[in-house]
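Worksheet: the structure to be examined is printed underneath.
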Amino acid sequence: MKILDFATRAEMDEAAASYVGTLLESKPNAVIALPTGETPLGLYRNLASRQCEGKLNCHSARFFNLDEFEGKGLADEGSYASFLMRHAFEPLQIAPDKLRLLQGDALDAEAECLAYEAAIEAVGGLDLAVLGLGRNGHVAFNEPGDDWSLGTHRVALTKTTREAQSGLYKTPADVPDYGLTMGVATVLAARKLLLLVSGQGKEDALNALISGRPDPDRSVTALVDHQDLTVLRDLSSFQG
């Protein structure tokens, strides 16, 4: 595990974009999983800016998303897929055939999860999973007590996770009760992991990872033994 500290959020965002850019330089057709949320927005803006300036080309890469709300699809404003389209894929001009996003509105959630795993395997697995960190220590929607041996699966969302969706929903009561998520096993199979940590209330969860002791109530600690984990930490968000 490599931990890199940055004095400001802007510096962390720039470093994250450089990390992804370096991967795409060495492997233009890389397979990348991306997260939703406030933390990666600066990364997405930096990537789009670099591509506009001719310093980056994402057009040959393939993209997956980490998780999605059950019952929500690309056409739903409150879906993670629509969030990523607005903030990442449309600014980067990613062609539809380079995207495979979880279909939360699939009639058969279990079948969709199996199909998602098959789609990842069909393109040779993930080269990189970019991850955020939930206040309760979760990565993707792998909630406390979730089975780390699972691949993509359906999961009941905790109150903490639902309360964190204020950017997409007016109240926690509006947030779906269930989600579909890449499992810990799916995430760990990625050849590289990039964990972005910014925002108040996440220090305990990060310290749990740094301690090196797996904690079944904090799925982020499952990452401790990954062969290529880089953590980018925004120190400014830990102050006060």
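If you count by my numbering, then the sequence shown holds residues 153 to 392, one letter each, in order. Ideal Cβ positions, reconstructed from N, Cα and C, are used throughout, including at glycine. Keep in mind that this is a model prediction, so the values were computed, not measured.
Asked, Found
"Tell me which residues share the same chain as G223 and place their Cβ nearer than 7 Å to its Cβ, disregarding the 5 neighbours each side in the sequence.", "G256, D257 and P328"
"Going along the chain, which residues of its own chain have a beta-carbon closer than 6 Å to the beta-carbon of F293, five neighbours each way excluded?", "D219, V307, G331 and T333"
"Quick test of the definition: if touching needs 3 or more C-beta pairs under 8 Å, does the segment 183 to 192 touch the segment 224 to 237?", "yes"
"Pull the bridge partners of R306 from the DSSP assignment, please.", "L332"
"Can you give me the C-alpha to C-alpha distance between A274 and D367, rounded to a whole angstrom?", "32 Å"
"May I have the straight-line CA-CA distance separating A341 from K322, to the nearest angstrom?", "35 Å"
"Using a Cβ-Cβ cut-off of 7 Å (strictly less than) and excluding sequence neighbours within five positions of Y153, which residues of its own chain qualify?", "It is worth fixing the name first, because residue 153 is Met in this sequence and not Tyr. The residues are V376, L381 and V383."
"Provide the residue span of the alpha helix (DSSP H) that contains E177, from first to last.", "R161 to S178"
"Shortest alpha-carbon distance to K207 belongs to which of A213, L195 and G173?", "G173"
"Between the alpha carbons of Q391 and A263, how many angstroms are there, rounded?", "44 Å"
"Looking at the unbroken alpha helix (DSSP H) that takes in F235, where does it start and where does it end?", "Y232 to L236"
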